[in-house]
Amino acid sequence: MPAISQRMHLVLLTAWTVLWFAVVEPHGGFSWHYLRSGGELIYQGTSGDGTGGLNLYAHHPELQMGPLSFLTAGLFNPFPEATGQLLAAALMSLLGLVIVVLAGRSAAHHFLGTGTNHQRLRQRVLIAGLAFIPMWIEVAVRFGHLDDVLALFFTALAVRAVTRGNAALTGVFLALAMDSKPTALAFVPLLLALPREKWLRAGLWCAALVALAWLPFFIGDSQSFAAAKFAIPNHPASALRWLGVGDPETPGWDRPAQAALGLALGSIAVWRGRWAAVVLLGANARIVLDPSVYTYYTASVLLGTLLWDVIGQRRLVPWWSWLALLTLYGSVFAVPDDAARGLIRLAFVAVSTAYVLLWPVRERGREGRRGRRRPPAREDEGPAQVHGTGATPWAGPPAAR
Numbered sequence: 457m458p459a460i461s462q463r464m465h466l467v468l469l470t471a472w473t474v475l476w477f478a479v480v481e482p483h484g485g486f487s488w489h490y491l492r493s494g495g496e497l498i499y500q501g502t503s504g505d506g507t508g509g510l511n512l513y514a515h516h517p518e519l520q521m522g523p524l525s526f527l528t529a530g531l532f533n534p535f536p537e538a539t540g541q542l543l544a545a546a547l548m549s550l551l552g553l554v555i556v557v558l559a560g561r562s563a564a565h566h567f568l569g570t571g572t573n574h575q576r577l578r579q580r581v582l583i584a585g586l587a588f589i590p591m592w593i594e595v596a597v598r599f600g601h602l603d604d605v606l607a608l609f610f611t612a613l614a615v616r617a618v619t620r621g622n623a624a625l626t627g628v629f630l631a632l633a634m635d636s637k638p639t640a641l642a643f644v645p646l647l648l649a650l651p652r653e654k655w656l657r658a659g660l661w662c663a664a665l666v667a668l669a670w671l672p673f674f675i676g677d678s679q680s681f682a683a684a685k686f687a688i689p690n691h692p693a694s695a696l697r698w699l700g701v702g703d704p705e706t707p708g709w710d711r712p713a714q715a716a717l718g719l720a721l722g723s724i725a726v727w728r729g730r731w732a733a734v735v736l737l738g739a740n741a742r743i744v745l746d747p748s749v750y751t752y753y754t755a756s757v758l759l760g761t762l763l764w765d766v767i768g769q770r771r772l773v774p775w776w777s778w779l780a781l782l783t784l785y786g787s788v789f790a791v792p793d794d795a796a797r798g799l800i801r802l803a804f805v806a807v808s809t810a811y812v813l814l815w816p817v818r819e820r821g822r823e824g825r826r827g828r829r830r831p832p833a834r835e836d837e838g839p840a841q842v843h844g845t846g847a848t849p850w851a852g853p854p855a856a857r
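Going by the numbering used here, the sequence shown opens with residue 457, and the numbers climb by one from there.
Following this line, the structure appears as structure tokens:
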């Protein structure tokens, strides 16, 4: 593959994003009304009919987004509905580009001093990003799920903080992800990727900000717990059906099991020295146990494969990102049978989980063997340098470092 500059890298990804935005936006915003309604309710306070403010989740358990998502969505409410939706979709699309850049910079910082060829790394990020963007537009534009967008964006920021060894920011960003969408709880094992002496500080920051966002609702109205029991239909194409769960709606144990499985798999990944797989494993836990099969769920999987492809391994071709796109998204259009699609979802989860946890990973430089990893960079390093060249690792020349 020919050498590409940082500018050309960004131009290609931007053009790809704009193309998908233009194709999807005219028919987008499928779920934006939930965010718009929640944004109106959360700013009501004691005014209105009493179902807003801190009573939001007690009276509207169908609004399964986090308070930070509603607070953000409410910023678009002063605009006409169509204009607000368009502006929100544009902003969410832009965040997808930022995530790809964050993934690349996180990888460059992680591999600093290991002899990594950063031109090849940039190519890897570009190829994985081309798979990531279509699914990002699906969640950001077609469905308008600001909660998923914010949760994944803050998770990408948390990964960046991990690679820099910043405990406070890792905890803060993971908390903001959970404050945007509760399913981000599955990404908490990223805290364990920090040096052991930083776990407490990161955990305290995370717990404090989660409590600050959520506790007022549960203290203000004890019926807010009803939101945790909200059930959706168990779709025939879900992997849950293949696991023998024939309940017509979400079983009571399902949501806790999703969180527990994601936390367990992520913790094992960190113990195995493969913390870059935490997001993929957390997303896998969600889609394998979720009763629904909305295509926007796949965006979290694609963020997971993006991080794994650029940080967890060094192959030039990030084939996990494209495999996820083709099997999970492509099968929606190419496979008409519900049961077959459910089997494909289950197979992807099983194979990708086994691969990232068990398949031998080629390690070089300062990276350790099983259960060990190169410590994240110090917080006081400043702009990363590559062998005294003064170039940042994300924009260096194509020569191998």
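Positions of the beta carbon are idealized from the N, C-alpha and C atoms, including for glycine.
- Message: Mapping the DSSP letters down to three states, classify Glu705 as helix, strand or coil.
- Response: Within the sequence shown, numbered from 1, the residue matching residue 705 stands at position 249. Here Glu705 sits in strand by DSSP.
- Item | Distance CB(Ser748)-CB(Pro792) smaller than 9 Å | Along the sequence shown, one-based indexing puts residue 748 at 292. Along the sequence shown, one-based indexing puts residue 792 at 336. Going by C-beta atoms, Ser748 is not nearer than 9 Å to Pro792.
- Message: Between Gly798, Ser756, Val812, which has its C-alpha nearest Ile440's C-alpha?
- Response: Outside the shown range of the chain (457 to 857) lies residue 440, about which nothing can therefore be said.
- Are the Cβ atoms of Ser525 and Leu547 separated by less than 9 Å? If you number the sequence shown from 1, residue 525 lands on position 69. If you number the sequence shown from 1, residue 547 lands on position 91. No, Cβ-Cβ distance for Ser525 and Leu547 is not below 9 Å.
- Task: With DSSP as the reference, please indicate the residues paired to Pro689 in a beta bridge.
- Result: Against the sequence shown, residue 689 aligns to sequence position 233. According to DSSP, which records beta bridges pairwise, Pro689 is partnered with Glu705.
- Message: With a threshold of 8 Å on Cβ separation, who are the neighbours of Ala397 within its own chain once the five nearest residues in sequence on each side are excluded?
- Response: Residue 397 lies beyond the residue range present for the chain, which begins at 457 and ends at 857; the question has no answer from this structure.
- When burial is assigned at 16 or more other CB atoms within 10 Å of the CB, is Lys654 buried or exposed? Taking the sequence shown and counting its residues from 1, the one referred to as residue 654 is at position 198. Buried: at least 16 other Cβ atoms inside 10 Å.
- Message: When you compare the CB positions of Leu646 and Val666, do they come within less than 9 Å of one another, or not?
- Response: Position 190 of the sequence shown holds residue 646. Position 210 of the sequence shown holds residue 666. For Leu646 and Val666, no; Cβs fall outside 9 Å.
- Sequence-distant residues of its chain with Cβ nearer than 8 Å to Ala544 (five each side left out): The residue you call residue 544 lines up with position 88 of the sequence shown. Within the same chain, Ala544 has close Cβ partners Trp488, Leu491, Ala529, Phe532, Gly600, Leu602.
- Item | 9 Å Cβ cutoff met for Asn740 and Gly718 | Taking the first residue of the sequence shown as position 1, residue 740 is located at position 284. Taking the first residue of the sequence shown as position 1, residue 718 is located at position 262. Yes. Within cutoff.
- Task: Would you kindly work out how many angstroms separate the C-alpha atoms of Asp794 and Leu660, rounded to a whole number?
- Result: Translated into positions along the sequence shown, residue 794 becomes position 338. Translated into positions along the sequence shown, residue 660 becomes position 204. Approximately 44 Å between the Cα atoms of the pair.
- Item | Leu781 versus Ala810 - alpha carbon distance | Start at 1 with the first residue of the sequence shown, and residue 781 comes out as number 325. Start at 1 with the first residue of the sequence shown, and residue 810 comes out as number 354. If I take the Cα positions, the gap works out to 18 Å.
- Query: Counting Cβ pairs closer than 8 Å, one from the stretch 612-627 and one from the stretch 556-573, do we hit at least three?
  - Reply: yes
- Excluding five sequence neighbours on each side, which residues of the same chain lie with their C-beta closer than 6 Å to the C-beta of Thr783? Translated into the one-based positions of the sequence shown, residue 783 becomes position 327. Here the set comprises Ile800, Phe804.
- Residue span of the alpha helix (DSSP H) that contains Met634, given as start and end: Here residue 634 refers to the residue found at position 178 when the sequence shown is read from its first residue. It spans 623-636 - the alpha helix (DSSP H) in which Met634 sits, taken as one unbroken run.
- Query: How would you call Ala709, buried or exposed, if buried means at least 16 neighbouring beta carbons within 10 angstroms?
  - Reply: Start at 1 with the first residue of the sequence shown, and residue 709 comes out as number 253. Before going on, a small fix: residue 709 reads as Trp here, not Ala. By the neighbour-count rule (16 or more Cβ atoms within 10 Å), Trp709 is not buried but exposed.
- Query: Where Gly760 and Arg697 are concerned, what is the direct C-alpha to C-alpha distance, given to the nearest angstrom?
  - Reply: In the sequence shown, the residue the question calls residue 760 occupies position 304. In the sequence shown, the residue the question calls residue 697 occupies position 241. If you take the alpha carbons of Gly760 and Arg697, they lie about 24 Å apart.
- Consult DSSP for Asp746 and reduce its assignment to one of helix, strand or coil. Along the sequence shown, one-based indexing puts residue 746 at 290. Asp746: coil per DSSP, three-state reduction.
- Looking at C-beta atoms only, is the number of pairs between the stretch 580-595 and the stretch 621-638 that lie closer than 8 Å three or more? no
- Would you mind sorting Val554 into buried or exposed? The rule is 16 or more other CB atoms within 10 Å of its CB. Here residue 554 is taken as the residue at index 98 of the sequence shown, counted from 1. The residue is exposed, with fewer than 16 neighbouring Cβ atoms inside 10 Å.
- Which residues in the same chain as Arg820 place their Cβ atom closer than 7 Å to its Cβ, once the five residues preceding and following it in sequence are excluded? Position 364 of the sequence shown holds residue 820. Note on Arg820: pLDDT 47, under 50, position unreliable in the model; the coordinate value appears next. Closer than 7 Å at Cβ, skipping near neighbours: Thr570, Gly571.
- Message: Quick check on the burial criterion: 16 or more other C-beta atoms within 10 angstroms. Buried or exposed for His483?
- Response: For the purposes of this step, residue 483 is taken as residue 27 along the sequence shown, with counting starting at 1. With fewer than 16 other Cβ atoms within 10 Å, it is exposed.
- Assign Val791 to one of three DSSP states: helix, strand, or coil. Your numbering for residue 791 matches position 335 in the sequence shown. Of the three classes helix, strand and coil, the one that applies to Val791 here is coil, per DSSP.
- Go to Arg620, then tell me how far its alpha helix (DSSP H) extends in each direction, as first and last residue. One-based indexing of the sequence shown puts residue 620 at position 164. Note, Arg620: premise wrong, no alpha helix (DSSP H); not H, not E.
- In three-state terms, what does DSSP make of Thr572? On the sequence shown, residue 572 is found 116 positions in, with the first residue counted as 1. If DSSP states are grouped into helix, strand and coil, Thr572 belongs with coil.
- Query: Of the choices Ala716, Leu648, Leu668, whose alpha-carbon is the least far from that of Leu632?
  - Reply: As a first step, residue 632 must be located in the sequence shown, where it is residue number 176. Checking every option, the nearest Cα to that of Leu632 belongs to Leu668.
- Task: On a CA-only basis, which of Ala733, Val788, Trp476, Arg652 is nearest Ala693? Give me that one, please.
- Result: As a first step, residue 693 must be located in the sequence shown, where it is residue number 237. Answer by Cα proximity: Val788.
- Task: Verify whether the separation of the beta carbon atoms of Asp604 and Val597 is less than 9 Å.
- Result: The residue you call residue 604 lines up with position 148 of the sequence shown. The residue you call residue 597 lines up with position 141 of the sequence shown. No, the pair does not count as a contact, with Cβ atoms beyond the cut-off.
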